[in-house]
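First comes the structure, then the notes that go with it.
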Amino acid sequence: MSTTTTASPAPAASAVPLPLRRSRTYWVWLVGDTGQALGSSIQFFLVPLIVVLVTGSTAAAGTIAALGLGGRIATTLVGGVLADRHDLRRMMVLSGVMAAVVMVAMLVATRLELGIVVLAALNLLAGVRAGLLGGASDAALKQVVRPDLLPAASAANQARDAAVSMGAPPLGGVLLGIGAVPALAATAAAYLVSAVGALALRGDFRPAPVADPGPVRAEVSAGLRWLWARPELRRIMAVALLLNLGLNAAIATLLYHLATTGEDPARIGLVSTALGLGMLLGATVAGPLVQRLPSGLVATVGLSMAGLSMLALPFVPGFWPTLAVLTVSVLGAPAANAAVFSYLMHQTPRSVVGRVLSAVELVGAGATPLAPVLAGWGLATLGLRPTLLVCAVICLLAVVAVASSRALRTLPRPDAWGAAAQ
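For reference, each letter of the sequence shown is one residue, going 549 to 970 in the working numbering.
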């Protein structure tokens with residue numbers, strides 16, 4: 549299959565190109581996607597805490613949370629095939645409705661005290677829903693905006709994600725303080741917003757016609773082969789795997805250490821706030837950086853900032869300097885993420901975009917469950933500083949993977965992406 553692609557204009561594009569801020573289709577998509585992101589973030593925060601309230605067992609909470617994550621990981625690649633075979637708009641509507649139904653079912657199970665087995669089954673169903681249908685919204689972005697607007701749209705999405713990551717846990721805490729039933733009802737409402745947003749989208753989100761789609765396994769293999777044929781995309785996946793593992797393990801190590809040393813829970817929560825603040829600050833300048841600078845430079849600097857900051861973390865004295873390092877570490881992440889994601893979307897044909905995005909998500913998230921394991925065992929056997937050093941070495945490997953990839957380092961500015969692909 550040829551690696552050169554020509555993305556079709558968004559259906560809503562007019563004869564005179566409009567900037568992103570005046571694209572009604574993008575704003576409708578953003579509202580729906582934000583509903584899904586907010587619902588997912590609040591759900592991730594709420595469900596383990598509700599299990600603790602119901603059972604009094606942190607082990608049960610961790611097991612049920614792992615079931616949901618496992619369901620998502622196990623079905624992500626199949627979800628990519630579905631996104632390439634079916635109308636993305638319909639999938640987005642179905643995703644929002646199904647997520648809301650699962651939240652309402654959890655509400656009923658909590659209200660009627662149906663027990664831990666029912667909650668576990670519902671959280672597993674929620675994870676399967678996310679794996680099969682959750683990727684449709686990202687895949688639809690290729691049809692929502694023109695190719696030249698993908699970097700700006702990706703940068704705006706990074707700002708939105710940073711705001712959600714900062715706001716969702718406090719909002720979830722406030723809602724849970726009112727009660728588990730109102731909290732779950734609000735989460736269901738957020739998912740319904742995503743369904744309504746998808747319903748309001750205008751345009752053609754159907755897949756390209758295929759004479760014989762073949763079995764699911766063959767479709768997954770075809771998408772993976774397309775991705776593997778691109779050296780810069782292969783390297784991006786390797787970097788995502790290493791950085792996600794190293795960064796998440798370092799953060800989990802800090803959180804576990806603070807918790808076991810009797811630190812005030814409010815101060816522990818500031819770790820997530822520092823990361824969210826860094827992401828939000830970085831997102832404010834991500835748009836201009838991605839548009840004006842070579843994408844390879846933006847990705848290399850942003851990813852290296854995150855990786856190299858972890859080398860300083862084991863030697864930073866005190867709580868507040870640690871938060872400062874965490875904030876600085878993610879300043880370049882929004883621009884790097886926007887550059888990489890928009891390049892990936894620009895180069896990937898509609899016929900395989902779902903499978904490619906699901907493969908990237910699977911690789912990026914696949915190592916995440918190892919992070920708390922590394923943090924917990926490291927603290928128990930090595931102590932704080934040696935565990936953070938192990939995390940730093942993993943992040944350093946990611947930096948080496950970035951710096952040693954000429955295909956990734958030399959990606960041009962967005963206006964030259966077509967020529968680079970050829």
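Every residue, glycine too, gets a C-beta built ideally from N, C-alpha and C.
Asked: How many angstroms separate the CA atom of Val-911 from the CA atom of Arg-754?; Found: 27 angstroms
Asked: Take Leu-568 and list the residues in its own chain whose beta-carbon comes closer than 8 angstroms to its own, dropping the five residues that flank it on each side.; Found: Tyr-574, Val-693, Leu-697, Ala-700, Ala-701, Ala-704
Asked: Assuming the contact rule is C-beta atoms closer than 8 angstroms, Leu-825 and Thr-875 should be a hit. Round their C-beta distance to whole Å, please.; Found: 6 angstroms
Asked: Helix, strand or coil for Pro-842 per DSSP?; Found: coil
Asked: Please state the DSSP three-state secondary structure of His-634.; Found: coil
Asked: I need the straight-line Cα distance from Val-666 to Ala-657, nearest angstrom please.; Found: 7 angstroms
Asked: With three or more beta-carbon pairs closer than 8 angstroms as the criterion, would you say the segment 627 to 634 touches the segment 677 to 695?; Found: yes
Asked: Can you give me the Cβ contacts of Tyr-891 inside the same chain, cut-off strictly under 7 angstroms, excluding the 5 residues immediately before and after it?; Found: Ser-843, Leu-959, Trp-965
Asked: What is the rounded straight-line gap between the Cα of Ala-674 and the Cα of Ala-647?; Found: 7 angstroms
Asked: Could you give the distance in angstroms between the alpha-carbon of Ile-784 and the alpha-carbon of Ala-955?; Found: 10 angstroms
Asked: Taking the alpha helix (DSSP H) that Asp-752 belongs to, which residues open and close that run?; Found: Run containing Asp-752: none; DSSP gives neither H nor E here.
Asked: Going by Cα to Cα distance, which pick from Phe-867, Leu-790, Arg-961 is closest to Leu-945?; Found: Leu-790
Asked: Taking the alpha carbon of Leu-655 as the reference point, which residue from Ser-952, Ser-769, Ala-731, Val-744 has its own alpha carbon closest?; Found: Ala-731
Asked: What does the Cβ neighbour count give for Ala-678, buried or exposed, with the cut at 16 atoms within 10 Å?; Found: buried
Asked: With a threshold of 16 other CB atoms inside 10 Å of the CB of Phe-749, please say whether the residue is buried or exposed.; Found: A quick correction: the sequence has Leu, not Phe, at residue 749. Its Cβ being crowded by 16 or more others within 10 Å, Leu-749 is buried.
Asked: Return yes when the Cβ of Leu-594 is within less than 9 angstroms of the Cβ of Ala-728, no when it is not.; Found: yes
Asked: Which parts of the segment 905 to 938 are runs of the beta strand (DSSP E), unbroken and 3 residues or longer, counting only runs that do not cross its ends?; Found: none
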